[in-house]
Amino acid sequence: MKQLTFSQEGKFKLLQFTDIHFSDNNEVDKETVELMRKILKEEKPDFIMITGDTVYGEENVDHLPLALTPVIESNIPFSYTFGNHDTEEGQGYEALFEVLQGIPTCMMYHDANSKVGIGNHTLEVVGHDGGVKWVIAGIDSGNYNPLPHMEGYAYVQKPQIEWYQDVMRKYEAQNPDFASLVFMHIPLPEYHEVWAMETCYGMKREGICSPKINSGFFAAMQEVGHTKGVFVGHDHINDFYGEMYGITLGYGRATGYNTYGQEDFLRGARIFILDENNTESFETYVRLSDGTVIDNPSMHLPERVRDDN
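Numbering (the numbering used here), first residue to last: 1 to 309.
Following this line, the structure appears as structure tokens:
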């Protein structure tokens, strides 16, 4: 198992890039690369998580290292979860996975016990006492619905869910006080509920493009405990987050310029601060292209009253 460590101050800074959409190796793509380089210099994270849709087009395999140039140059360890557009017009996930495996600082791997998808994995953030304090999980949320009679996006499937629960139970046996943070590309169906029925922070500028099928991943996380957050990409002009039954459901901040967006919704990245001595919560904020840090985002109050009776 690959491990990460906290700083001497007991902190761990994780930076999420998402929806880079490197497509043509043109000036717009180069602007995205420069933005990534700028944000990495400003934030100096301990770890980078990239949550899919990094490349798009027939040259996806050749373009992936170009899109990740600032990440590779930084020598900061990173990991990756696939998005639905990564292979839409180019080679398959296996070819992209092989490219990622060839990058020395890439910590992504595939746990064969998860059975479905490619790149389901967990990474450990280890405290100064040698114990695992936080687990970072990367989940392959798929691309499009595997059921031929249904349209829409894919969902986390039963073998993946069972694998995640098994991994959480294994860590619980070692340390009942650990916490987990999950990253994937496509939002869970519960994102609709958290926006409608809980206090959220940040912006929702477009519809939530979750799968039509609720496969029960959120329920499974509740059953097994320890999961403190799920963060995704996919919807480029959403960056809200909200807590529901102890799990924060949220978006990163779209990074790439070569795709849709809004002029007043600047590109950027989301940052997380994990604490070695606090596995009950985490800090998060957004860094924008103009250098602005959004650490006190706008509040969205519940639209409906929850009836839990």
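Where is the CB? At the ideal position from N, CA and C, for every residue including glycine.
Does DSSP put ASP335 in a helix, in a strand, or in coil? Limits of the chain in this structure are 1 at one end and 309 at the other, which puts residue 335 out of reach.
Does the Cβ of LEU100 have 16 or more other Cβ atoms within 10 Å, making it buried, or fewer, making it exposed? buried
For ILE20, collect the residues of the same chain with a Cβ closer than 8 Å to its Cβ; drop the 5 residues on either side in sequence, then sort them by chain order. THR32, MET36, ILE50, ASP53, THR54, VAL55, ALA67, THR255, GLY256
Less than 8 Å between C-beta atoms, sequence neighbours within five positions excluded: which residues of the same chain meet that for LEU288? ARG253, LEU266, ARG267, GLY268, ILE294
As assigned by DSSP and simplified to three states, the class of GLU198: coil
Inter-stretch contact (C-beta, 8 Å, three-pair minimum) for the region 204 to 219 and the region 153 to 165: yes
Residue range of the beta strand (DSSP E) that GLU243 falls in? 241 to 244
Please give the ranges of any alpha helix (DSSP H) in the region 104 to 188, keeping only runs that are unbroken, at least 4 residues long and fully inside the region. 158 to 174
ALA254 - containing alpha helix (DSSP H), residue span: Segment: none, ALA254 is in no alpha helix (DSSP H) and carries neither H nor E.
How should ASN309 be labelled, buried or exposed, when 16 other C-beta atoms within 10 angstroms of its C-beta is the threshold for buried? Residue placement at ASN309 cannot be trusted, given a pLDDT of 48 that sits under 50; what the coordinates show is reported in the next sentence. The residue is exposed, with fewer than 16 neighbouring Cβ atoms inside 10 Å.
Identify whether ILE72 lies in helix, strand or coil by the three-state DSSP scheme. helix
Within 10 angstroms of the Cβ of ASN113, are there 16 or more other Cβ atoms? Answer buried if so, exposed if not. exposed
DSSP bridge partner residues for VAL230 (one or two, in chain order): VAL182, LEU249
Which of the three DSSP states is assigned to GLU9 in this structure? coil
According to DSSP, PHE272 sits in a beta bridge with which residue or residues? LEU14, THR284
Leaving out the 5 sequence neighbours to the left and right, which residues in its chain are closer than 6 Å to LYS115 when beta-carbon positions are compared? PRO159
Between the Cα of TYR241 and those of ILE271, GLU223, GLY225, THR259, spot the shortest distance and give me the residue it belongs to. ILE271
Simplified DSSP assignment, three categories, for TYR56: coil
Alpha-carbon spacing of VAL28 relative to ASP235, whole angstroms: 20 Å
Which whole-angstrom value describes the C-beta separation of HIS310 and SER281, a residue pair presumed to lie in contact below a C-beta threshold of 8 Å? An answer regarding residue 310 cannot be provided, because it is not within the stretch 1 to 309 covered by the chain.
Which residues share a DSSP beta bridge with LEU4? VAL125
Would you say the region 74 to 94 touches the region 138 to 149, given that touching needs at least three Cβ pairs under 8 Å? yes
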